[in-house]
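Presented below is the structure to which this report refers.
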Amino acid sequence: MELFDVYALFDVEPVKREGCYVYDDQGNKYLDLYGGHAVISIGHSHPLYVQKLTDQLSRLGFYSNSVKNSLQKELAYRLGLISGYEDYSLFVCNSGAEANENALKLASFHTGKGRVIAFRKAFHGRTHGAVTVTDNPKIVAPVNHHDHVTFIPLNDAEALDEALQNGDVCAVIIEGIQGVAGINCPDADFLVTAKTLCEKYGALLILDEVQSGYGRSGKFFAHQYAGIRPDIITVAKGMGNGFPIAGVLISPQIKPSKGMLGTTFGGNHLACAAGLAVLEVMEKEHLIENALATGNYLKEKLSGFKEIKQVKGMGLMLGLEFNFPIAPLRSLLVQQYKVFTGSSGNENVMRLLPPLSLTIEQADQFMAALSSALTLLFSKNQQ
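The opening position of the sequence shown corresponds to residue 22 in this note's numbering, with each subsequent residue numbered one higher.
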């Protein structure tokens, strides 16, 4: 049996890792500005993280959600404290797509309505419900029909008001920062207006913080720059630092009945141990503050690159927009300069999604590699 062909792969196989670096099977050391697609929040193989998972596995790795699991309650408590959402409840699941599926289901149950408003270029996952609110025809099959979804432009308050006026919308779902689209940020004023309009028309506001949450933006959640409190928040990638875990943060007004939501693997003992370790390291090492400081440093320095049209994003969720497709540049960075970066739905935008522990020195290392790669790339093109 062969693996189902899913992604175009770089010819590199990481076999060990440490902090912001990974090593391949030939012993080459790579600076990781991709973070395993924004998943590695506290750094690869953090000693406390490894210890917490090892200790938990030695006691109990898994049992189903048919019994008490105090780790789930502890995770909910700690997450509430650090995020500022102590009064919300937490449903723990396995992935960002699953979190968004359950968020949409909750909104529909709570309001009794069936329509959803999403945004152009949005990405919310590849499973059935999540992909219906994803604006990418290439990954939406005929079975994933969009009949109940209205897509509107990001930051268009007038279009949002018009789409809500029929009063049949259960939810407006929006990313804290559009990631796959190429790092597009909702305006703070627009998020405030969206919350106000949802309240006016009886819809719930769902903030998809799967990629932009967990400190990546320089605040725990990107939407906190706007000072709003969504009805539902979804989280995943940075939550487990590589261990599959996701969550749905649910406002007190929403009271799910028993059996409405459920999961076999979600919130298992190892997953919760990973989630607790991440929060502990984030607090002890001030990683949210570091993400903001190092991200601002990168934005300032990268804005001086003549080849970069625009630096978008916040914290350590950045998009470098060039005037040319970045695929050859990314390949050169990996092959010759041993640096991982991310692509996006915009072929001209390179995403930077490093561990939140990235240092100024490592940022300088990346920029030196980028400068050399650009020089080499343009010299080759001129030959």
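Beta carbons are placed, not taken as given, at the ideal position from N, Cα and C, and that holds for glycine. Here the structure is a predicted model, which means the values were calculated and not measured.
Taken atom to atom, the span from the alpha-carbon of G203 to that of D229 is near 16 Å. Shown here, S110 sits in a strand according to DSSP, grouped into three states. Burial check for M22: the Cβ neighbour count within 10 Å stays below 16, so the residue is exposed.
F25 counts as exposed, since fewer than 16 other beta carbons sit within 10 angstroms of its beta carbon. Counted as a single uninterrupted DSSP element, the beta strand (DSSP E) harbouring R38 occupies residues P35 to E39. Bridge pairing for V190: R136 [DSSP]. Within the DSSP secondary-structure output, Q199 pairs in a beta bridge with N205.
Here the C-alpha atom of S116 lies approximately 33 Å from the C-alpha atom of I329.
In this structure the region 279-294 touches the region 76-88; the number of beta carbon pairs closer than 8 Å is three or more. Between the region 242-249 and the region 135-149, the count of C-beta pairs closer than 8 Å stays below three; the two stretches do not touch. The DSSP-derived three-state label of D53 is strand. Around the C-beta of N49, fewer than 16 other C-beta atoms lie within 10 Å, and the residue is accordingly described as exposed. Following the DSSP letters along the chain, one finds K305 inside the alpha helix (DSSP H) bounded by residues H290 to K305.
Here the alpha carbon of T214 sits roughly 11 Å from the alpha carbon of L226. The residues I275, in chain order, have a CB closer than 6 Å to that of H131 in the same chain once the five nearest residues on each side in sequence are set aside. Per DSSP, reduced to three states, the secondary structure at Q357 is coil, with no helix or strand assignment.
Residue nearest to P174 within the set G150, D168 and P207 is P207 (criterion: CA-CA distance).
According to the DSSP assignment, V88 belongs to no beta strand (DSSP E), since it is labelled neither H nor E.
At a cut-off of 3 residues, the continuous stretches assigned as beta strand (DSSP E) that sit fully inside the region 199-274 are 225-229, 253-256 and 267-271. For R351, no pairing in a beta bridge is given by DSSP. Ranked by Cα distance from V60, the options S364, N157 and G259 are led by G259. The region 51-60 and the region 383-391 touch, with no fewer than 3 CB-CB distances between them shorter than 8 Å. Under the three-pair Cβ rule at 8 Å, the region 150-163 does not count as touching the region 175-191. I309: member of the alpha helix (DSSP H) spanning L308 to L323, first to last residue. For D182, the enclosing alpha helix (DSSP H) has its first and last residue at A178 to L185. In the structure shown, the three-state DSSP call for K279 is coil. When secondary structure is reduced to three states using DSSP, D76 falls in the helix class. Around the C-beta of G188, fewer than 16 other C-beta atoms lie within 10 Å, and the residue is accordingly described as exposed.
F31 has its alpha-carbon roughly 8 Å from the corresponding atom of S352. When the beta-carbon positions are compared, L319 and M388 come within less than 9 Å of each other.
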